[in-house]
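Residue numbers (our numbering), protein chains in the order written: chain H, 2 to 380; chain L, -1 to 149; chain P, 3 to 161; chain C, 138 to 495.
We put the beta carbon where it would ideally sit given N, CA and C, even for glycine.
Owing to the predicted nature of the structure, the values given are computational and were not obtained by experimental measurement.
Everything below concerns the one structure shown next.
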Amino acid sequence: MYSETQILKEASAGDIDGGELVINVGPQHPATHGVLHLVITLQGETIKKIEPHLGYIHRSIEKMCESLSYRQFIYVTSRMDYLSAHINNHACALCVEKGLQVEVPPRAKVIRVLMDELTRIASHELWLGAMAMDLGAFTPFFYAFREREAINEIMEETCGARLTMNYMVPGGVMFDLHPNFQKKVKAFITQFKKKVVEFDDLVTNNIIFQNRMKGIGVLSKEDAISYGCTGPVARASGVHCDIRKIYPYEIYDQLEFDEITESAGDSFARYMVRVREMHQSAKIIEQLIDNIPEGDYQAKTKAVLKLPKGEFYSRVETARGELGVYIVSEGGTTPYRIKFRSPGFSNLSALDHIARGGKIGDLMATMGTLDLVIPDIDR
Amino acid sequence: MTNEDIKQYISGIVPDTVYDETGEWLNANIPPQSWKQLAQALRNSPFSFDYLFCLTCVDWKTHLTMVYHLSSTANRQLTVVVKAKLDRNNPEIDTVSDIWRTAEFHEREVFEMFGVQFKGHPDLRKLILPDDFEGYPMRKDFEDPVNMIRL
Amino acid sequence: MAFIKQYISEVFGAVRSLWKGMRTTGRYFVRPKEIITQQYPDNRDTLVLPERFRGEVVMPHDENNEHACTGCTACELACPNGTIKIITKFDITPEGKKKKALDTFIYHLELCTMCNLCIEACPTDAIKMAKNFEHSVYDRSKLTKRLNKPGSKIREGIE
Amino acid sequence: MFSLESITNAVQDWLNANFSPMWALIIQCAIVILLAMGLFATLGLVLVLMERKVAAHMQIRLGPNRVGPKGMFQTAADTLKLIMKEGLTPEGADKLLFNLAPFVVMIVSMLLLAPLAFSNGFQLWDLNIGVLFISAVSSVSVIGILMAGWASNNKYSLLGAMRSGAQIVSYELSAGLSIISIVVLAGSLQISDIINSQQDGWWIFKGHIPAIISFVIFIIAVTAETNRAPFDLAEAESELTAGFHTEYSGMKFALFFLAEYINIFIACAIGATLFLGGWMPLHIGHWQAFNHVMDYIPGVVWFFGKTFFLIFVIMWFRWTFPRLRIDQLLNLEWKYLLPISLFNLLLVTLIAIMGWHF
Chain H
2 MYSETQILKE
12 ASAGDIDGGE
22 LVINVGPQHP
32 ATHGVLHLVI
42 TLQGETIKKI
52 EPHLGYIHRS
62 IEKMCESLSY
72 RQFIYVTSRM
82 DYLSAHINNH
92 ACALCVEKGL
102 QVEVPPRAKV
112 IRVLMDELTR
122 IASHELWLGA
132 MAMDLGAFTP
142 FFYAFREREA
152 INEIMEETCG
162 ARLTMNYMVP
172 GGVMFDLHPN
182 FQKKVKAFIT
192 QFKKKVVEFD
202 DLVTNNIIFQ
212 NRMKGIGVLS
222 KEDAISYGCT
232 GPVARASGVH
242 CDIRKIYPYE
252 IYDQLEFDEI
262 TESAGDSFAR
272 YMVRVREMHQ
282 SAKIIEQLID
292 NIPEGDYQAK
302 TKAVLKLPKG
312 EFYSRVETAR
322 GELGVYIVSE
332 GGTTPYRIKF
342 RSPGFSNLSA
352 LDHIARGGKI
362 GDLMATMGTL
372 DLVIPDIDR
Chain L
-1 MTNEDIKQYI
9 SGIVPDTVYD
19 ETGEWLNANI
29 PPQSWKQLAQ
39 ALRNSPFSFD
49 YLFCLTCVDW
59 KTHLTMVYHL
69 SSTANRQLTV
79 VVKAKLDRNN
89 PEIDTVSDIW
99 RTAEFHEREV
109 FEMFGVQFKG
119 HPDLRKLILP
129 DDFEGYPMRK
139 DFEDPVNMIR
149 L
Chain P
3 MAFIKQYISE
13 VFGAVRSLWK
23 GMRTTGRYFV
33 RPKEIITQQY
43 PDNRDTLVLP
53 ERFRGEVVMP
63 HDENNEHACT
73 GCTACELACP
83 NGTIKIITKF
93 DITPEGKKKK
103 ALDTFIYHLE
113 LCTMCNLCIE
123 ACPTDAIKMA
133 KNFEHSVYDR
143 SKLTKRLNKP
153 GSKIREGIE
Chain C
138 MFSLESITNA
148 VQDWLNANFS
158 PMWALIIQCA
168 IVILLAMGLF
178 ATLGLVLVLM
188 ERKVAAHMQI
198 RLGPNRVGPK
208 GMFQTAADTL
218 KLIMKEGLTP
228 EGADKLLFNL
238 APFVVMIVSM
248 LLLAPLAFSN
258 GFQLWDLNIG
268 VLFISAVSSV
278 SVIGILMAGW
288 ASNNKYSLLG
298 AMRSGAQIVS
308 YELSAGLSII
318 SIVVLAGSLQ
328 ISDIINSQQD
338 GWWIFKGHIP
348 AIISFVIFII
358 AVTAETNRAP
368 FDLAEAESEL
378 TAGFHTEYSG
388 MKFALFFLAE
398 YINIFIACAI
408 GATLFLGGWM
418 PLHIGHWQAF
428 NHVMDYIPGV
438 VWFFGKTFFL
448 IFVIMWFRWT
458 FPRLRIDQLL
468 NLEWKYLLPI
478 SLFNLLLVTL
488 IAIMGWHF
């Protein structure tokens, strides 16, 4: 067995015999966006092998949730994939509702979907900026953050917080929409559509960018399924895996939007899937923003929730892919066992496969388009 | 293709399977020895379960249960949950990382969190925890006097 | 010949795409109005936070130094982090009966994640979220706060 | 025409009148060294601030605005911080080379200052092979970078240094060829001759399209030679953390940083001299009145104006483009820039022989 300490020792000894160079990318590295640690074996600049070492931000959220009640554990999941915190909460709320057999009022459903899609746009905007920065272009980061800021402000006004909103409660949402919500969202959508063109000029159509992305990190359809990749990563390889389409939850089956797929499976396809997905999210928001039904925003639930004995599984499409929540209940007020099937974990497992044979520069493009959020991987 | 077909198919391979249909999906409780054979068969079956979307373990204090959620990308409505009861003191099961590549990481996670030995796994090392970590933190009787906060 | 034609059109396409990118950044360079920087500590006076902003748990007291907390510990139970600790005492009502009342409401700001679950749980709306977000202090012990003011008592008519 | 030549001549005459020739020379050298150092320090401060402000405005930010009015003293404060910091030397490093490298890089950029003409007659050394001297000396800076990368005993540094080596050696070629095209047009290697040949118009206007093409190639090549984005592979922040200067801290890092900006200045100054006429004001053929008006603006203003414009363009590149990959970088040079500049040189030679330029 080849232990981690051994690898670290070798990596730091400056041993370049045999032409192979072992370098540590991370846990503190500008391109890993967090504390991901990759041990990379290089031959010259070509990557021979990548070995991820996780756990630098592992908080054992699954274990923590075992001691929290069904109302409390939802907020912890915001800390997993913090960029789509709201969608994580959604998955948990759905699972608890499935167990409780609670019917969510239509207004709450619409609010949840609206917030989900806003979160998705915000997450993709951040990814777009950060990925451009991985490739050495700093400026798109700020343009992307400007749009994201508008969403954060909308969130702040309605939910009371900007990132970890904890807006979801079993049976609905915590507050009603803020009176300014519709006006602000409409303004944002107009602004978003106007400004998103800038990214085409600055990033998408840029010749350097295209050369860096096209044909890099190709993931075939079979591998995408085998590695359990979901979300934009799998859709770029042509797998139809949008949970909103194949297992519709809330009101997604009544909405009109396309599942974006590409066939190339390379970094550029993953990039395009996310960019086009932002437009689809904007389309969903436009459909709903004027048609929010009146009524309750929260179903009546008991103060202390108890799930019946059994197993419950629910899944949603986060900005990164399929998030599954698997609750094993013994009938008590806390889950007996809870498992989060996080999209990032499976997507990361494909990294070694798709980045081999590329240059170090390619690794940044590949890693950037996998859109890894480290707390989501470690949980 | 209904649950009955799947049942029939599984029973054809592993005769002593116990089924449980109270939940959302068909649950098949199998003995751990026959898991590898069944996994191979399910993957290549007419149902083509090519998508292992959740792999986890549950500690029932008396025994451990491996839970595999399988689905098919060709027919998304087809889902089967395979469960295998393991001995808690010496948990051992065959790896399926050669059938579904995603299992490689998930099995490593289960290995360090629950101590399940996956026979034939190509690289069964700790993934998340440090190398010198002792104990299996996700087991119910795990106690860490230093880092655990009791509420 | 076709090769040279392709070569030249490639070069021109590349130059055009690069020029488009430079036009975008150049346009922002000459339009300082688009700058979005907020000069934070300087704009404290004009900073407007939304009314739902969750910064810190406070217990509003009215002019008679009275609050609405009955000491029921619903918030303590709802809190996922053990942020709230309620110490109760027994008051003697005018009828001579013993009645449970709040003695000290201890709030650990350093543990709080502003999840709003305590506010939701409170049956008498005794606590609420304040908009204050500047929490830095020089000593960690200052983050442990006592929310009910000294000498305060429960408002009449709240059960 | 206002000129700084009278000042330099007056100083020289006064020194020669009051001191023995040897002492006069020594004092002159001392003055030159002081001026050069002063110029370097000011340039470092100004260019870093300029870079930060340009970047900020392109990125819809304000940039430094706390230290002094509009953040003017920000770089001075940063320099102070860097001086105060401990200059660490890693344990496994080759101590001599590690400490020598920043000075090598710095000395190379100082040497390049010698043939620059700041104004009419205001030039350290008008040697007759000025352009050749510049090409020759500027390629030495790669040795400093290789030294730094190798001596650091860090794999990121080593990779960065190796990239830098490949990059600078390749881009020397097209930079050299585009310089040669102007040499062909001007018929001289001497900087003052080249400037004087632009008396009736700058080469970029006189030399038709080939001159413009070689100007563009020159700008691309010097961007690569000075290791600036999009060719900053030697540093490649998101790939190699900081490339060849990962292990440097304090003043040693500051020297690298300063050398980068001095190199940009010098590269742009050479570009301004060769293509935009150096200190030569904007003259158009035989429009005597217009030329006369332009002469009222001092040459030093023209020189710095042109240089800073080119520096701005290079900064503009940096804050717009993503970084190239190492193989694409070499592809760009060997498959595009070099063939184009060779073909271009042919055209320029044709123009020069036939006398088609204005």
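Original post:
Is the CB-CB distance between arginine 137 of chain L and aspartate 57 of chain L below 8 Å?
Top reply: For the purposes of this step, residue 137 of chain L is taken as the residue at position 139 of the second sequence. For the purposes of this step, residue 57 of chain L is taken as the residue at position 59 of the second sequence. A contact, by the Cβ cut-off of 8 Å.
**OP:** Taking isoleucine 91 of chain L as part of the beta strand (DSSP E), name the residues at either end of that continuous run.
**Re:** Within the second sequence, numbered from 1, the residue matching residue 91 of chain L stands at position 93. Counting along the chain, the beta strand (DSSP E) containing isoleucine 91 of chain L begins and ends at 90 to 92.
Original post:
Which full runs of the alpha helix (DSSP H) of 4+ residues lie inside the segment 251 to 307 of chain C, going along the chain?
Top reply: Listed in chain order, the alpha helix (DSSP H) elements of length 4 or more contained wholly in the segment 251 to 307 of chain C are 267 to 275, 278 to 288.
**OP:** Provide the residue span of the beta strand (DSSP E) that contains glutamine 115 of chain L, from first to last.
**Re:** On the second sequence, position 117 is the one that residue 115 of chain L refers to. Unbroken beta strand (DSSP E) run through glutamine 115 of chain L: 115 to 117.
Subject >> Whole-angstrom distance between isoleucine 403 of chain C and isoleucine 271 of chain C, CA atom to CA atom >> reply: Within the fourth sequence, residue 271 of chain C is the residue found at index 134, counting from 1. Within the fourth sequence, residue 403 of chain C is the residue found at index 266, counting from 1. CA-CA distance, isoleucine 271 of chain C to isoleucine 403 of chain C, rounds to 10 Å.
Original post:
Of all the beta strand (DSSP E) runs that stay within the bounds of the segment 37 to 67 of chain L, which reach a length of 3 or more residues?
Top reply: Runs of the beta strand (DSSP E) lying entirely within the segment 37 to 67 of chain L and spanning at least 3 residues, in chain order: 49 to 57.
**OP:** For chain H, find out if any of its Cβ atoms is closer than 8 Å to the Cβ of glutamine 335 of chain C; answer yes or no.
**Re:** Counted from its first residue, the fourth sequence places residue 335 of chain C at position 198. Contacts with chain H at 8 Å (Cβ-Cβ) do not include glutamine 335 of chain C.
Subject >> Anticipated Cβ contact below 8 Å, valine 107 of chain C with valine 245 of chain C, distance rounded >> reply: Any answer about residue 107 of chain C is impossible in this case: the structure gives chain C only from 138 up to 495.
Original post:
Should the segment 451 to 458 of chain C be called in touch with the segment 249 to 267 of chain C, which here means at least 3 C-beta pairs below 8 Å?
Top reply: Contact between the segment 451 to 458 of chain C and the segment 249 to 267 of chain C is absent, because fewer than three Cβ pairs lie under 8 Å.
Original post:
At least one CB of chain C closer than 8 Å to the CB of tyrosine 30 of chain P: is that the case?
Top reply: Position 28 of the third sequence, counted from the first residue, corresponds to residue 30 of chain P. It does: the Cβ of tyrosine 30 of chain P has a partner Cβ on chain C nearer than 8 Å.
**OP:** Can you give me, in chain order, the residues of the segment 123 to 135 of chain L that have a beta carbon less than 8 Å from any beta carbon in chain A?
**Re:** Considering every chain present, this structure includes no chain A. Its protein chains are H, L, P and C.
Original post:
Among C:Leu296, C:Ile399, C:Ser318, which has the Cα closest to the Cα of threonine 360 of chain C?
Top reply: On the fourth sequence, residue 360 of chain C is found 223 positions in, with the first residue counted as 1. It is C:Ile399.
**OP:** State the DSSP-derived secondary structure class of valine 240 of chain H, mapped to helix, strand or coil.
**Re:** Working through the first sequence from its first residue, we reach residue 240 of chain H at position 239. Looking at valine 240 of chain H - three-state DSSP - the assignment turns out to be coil, as it is neither helix nor strand.
Original post:
Under the three-state reduction of DSSP, which class applies to lysine 222 of chain C: helix, strand or coil?
Top reply: By one-based count along the fourth sequence, residue 222 of chain C stands at place 85. The answer is coil: DSSP assigns lysine 222 of chain C none of H, G, I, E or B.
Subject >> Straight-line gap, phenylalanine 47 of chain L to alanine 225 of chain H (C-alpha atoms, nearest Å) >> reply: Start at 1 with the first residue of the second sequence, and residue 47 of chain L comes out as number 49. Start at 1 with the first residue of the first sequence, and residue 225 of chain H comes out as number 224. For the pair phenylalanine 47 of chain L and alanine 225 of chain H, the Cα-to-Cα distance works out to about 14 Å.
Subject >> Cutoff 8 Å; reference alanine 80 of chain C; Cβ partners in own chain excluding five residues on either side >> reply: Outside the modelled stretch of chain C, which goes from 138 to 495, sits residue 80 of chain C, for which no answer is possible.
Original post:
Who does arginine 137 of chain L pair with in a DSSP beta bridge?
Top reply: One-based indexing of the second sequence puts residue 137 of chain L at position 139. In DSSP, arginine 137 of chain L forms no bridge with anything.
Original post:
Would you say lysine 190 of chain C faces chain H, with C-beta separation under 8 Å as the test?
Top reply: The residue you call residue 190 of chain C lines up with position 53 of the fourth sequence. No, lysine 190 of chain C lies away from the interface with chain H (no Cβ there is under 8 Å from its Cβ).
Original post:
Any idea if tryptophan 456 of chain C is buried or exposed, counting beta-carbon neighbours within 10 angstroms, 16 or more meaning buried?
Top reply: For the purposes of this step, residue 456 of chain C is taken as residue 319 along the fourth sequence, with counting starting at 1. That one is buried.
**OP:** Using a cut-off of 7 Å between C-beta atoms, extract the partners of phenylalanine 40 of chain L located in chain H.
**Re:** Counting from one through the second sequence, the residue named residue 40 of chain L turns up at place 42. Checking the sequence, you will find leucine at residue 40 of chain L rather than phenylalanine. Within 7 Å Cβ-Cβ: nothing; leucine 40 of chain L doesn't reach chain H, min ~14 Å.
Original post:
Which bits of chain H does leucine 50 of chain L rub up against, with CB to CB less than 8 Å?
Top reply: The residue given as residue 50 of chain L occupies position 52 in the second sequence. What leucine 50 of chain L touches in chain H: Gly229.
**OP:** Assuming leucine 152 of chain C and isoleucine 164 of chain C form a contact by the criterion Cβ under 8 Å, report the distance between their Cβ atoms to the nearest whole angstrom.
**Re:** As a first step, residue 152 of chain C is located in the fourth sequence; it is residue number 15 there, counting from the start. As a first step, residue 164 of chain C is located in the fourth sequence; it is residue number 27 there, counting from the start. With 8 Å as the limit, leucine 152 of chain C and isoleucine 164 of chain C qualify as a contact, their Cβ atoms being about 6 Å apart.
**OP:** Determine which residues of the segment 131 to 144 of chain H have a Cβ less than 7 Å from any Cβ of chain P, and write them out in chain order.
**Re:** Cβ contacts with chain P: Thr140.
Subject >> Chain-order list of residues whose beta-carbon lies under 6 Å from that of alanine 80 of chain P (same chain, five-residue window excluded) >> reply: Position 78 of the third sequence holds residue 80 of chain P. Counting only Cβ-Cβ distances below 6 Å, and skipping sequence neighbours, we find Leu119, Cys120, Ala123.
**OP:** May I have a chain-ordered list of the alpha helix (DSSP H) segments no shorter than 4 residues that lie completely inside the segment 306 to 356 of chain H?
**Re:** Within the segment 306 to 356 of chain H, the complete alpha helix (DSSP H) segments of 4 residues or longer fall at 344 to 350, 352 to 356, listed in chain order.
Subject >> Inter-stretch contact at 8 Å, needing at least 3 Cβ pairs: the segment 304 to 323 of chain C / the segment 467 to 481 of chain C >> reply: A contact exists between the segment 304 to 323 of chain C and the segment 467 to 481 of chain C.
Original post:
Tell me which same chain residues have a C-beta within less than 6 Å of the C-beta of leucine 484 of chain C, skipping the five on either side of it?
Top reply: Looking up residue 484 of chain C in the fourth sequence gives position 347. Closer than 6 Å at the Cβ level, and outside the excluded window around leucine 484 of chain C, lie Pro347.
Original post:
Residues of chain P with a CB under 7 Å from the CB of asparagine 348 of chain H: which are they?
Top reply: As a position in the first sequence, residue 348 of chain H is number 347, starting the count at 1. The premise fails here: asparagine 348 of chain H is roughly 27 Å from chain P at the closest Cβ pair, so nothing lies under 7 Å.
Original post:
For leucine 352 of chain H versus isoleucine 378 of chain H, is the C-beta spacing smaller than 8 Å?
Top reply: Numbered from 1 along the first sequence, position 351 holds the residue referred to as residue 352 of chain H. Numbered from 1 along the first sequence, position 377 holds the residue referred to as residue 378 of chain H. Between leucine 352 of chain H and isoleucine 378 of chain H, the C-beta gap is not smaller than 8 Å, which leaves the two residues out of contact.
**OP:** For phenylalanine 103 of chain L, decide whether its Cβ has a neighbour in chain H, counting only Cβ atoms nearer than 8 Å.
**Re:** Locating residue 103 of chain L in the second sequence gives position 105, counting from the first residue. Chain H, which has a Cβ nearer than 8 Å to the Cβ of phenylalanine 103 of chain L, makes this yes.
Subject >> Separation of valine 329 of chain H from histidine 194 of chain C, as counted between CA atoms >> reply: On the fourth sequence, residue 194 of chain C is found 57 positions in, with the first residue counted as 1. On the first sequence, residue 329 of chain H is found 328 positions in, with the first residue counted as 1. Each residue's Cα considered, the two are about 54 Å apart.
**OP:** Give me whichever residues DSSP pairs with methionine 169 of chain H in a beta bridge.
**Re:** Here the question's residue 169 of chain H lines up with position 168 in the first sequence. Methionine 169 of chain H pairs with H:Val174.
Original post:
Tell me which same chain residues have a C-beta within less than 8 Å of the C-beta of glycine 70 of chain H, skipping the five on either side of it?
Top reply: Within the first sequence, residue 70 of chain H is the residue found at index 69, counting from 1. For clarity, residue 70 of chain H is serine in the given sequence; the question names glycine instead. Correct list, in chain order: Val305, Leu306, Thr334, Thr335.
Original post:
Is the Cβ-Cβ distance between isoleucine 317 of chain C and valine 279 of chain C less than 8 Å?
Top reply: The residue labelled residue 317 of chain C in the question sits at position 180 within the fourth sequence. The residue labelled residue 279 of chain C in the question sits at position 142 within the fourth sequence. At a Cβ-Cβ threshold of 8 Å, isoleucine 317 of chain C and valine 279 of chain C do not count as neighbours.
Subject >> Members of the segment 325 to 347 of chain H near chain L, C-beta cut-off 9 Å >> reply: Those residues of the segment 325 to 347 of chain H that come within reach of chain L (Cβ to Cβ, closer than 9 Å) are Gly325, Tyr327, Val329, Tyr337, Arg338, Lys340, Arg342, Phe346, Ser347.
Original post:
Hey, quick one: how far does the alpha helix (DSSP H) through aspartate 224 of chain H stretch, first residue to last?
Top reply: Position 223 of the first sequence holds residue 224 of chain H. Start and end: 222 to 227.
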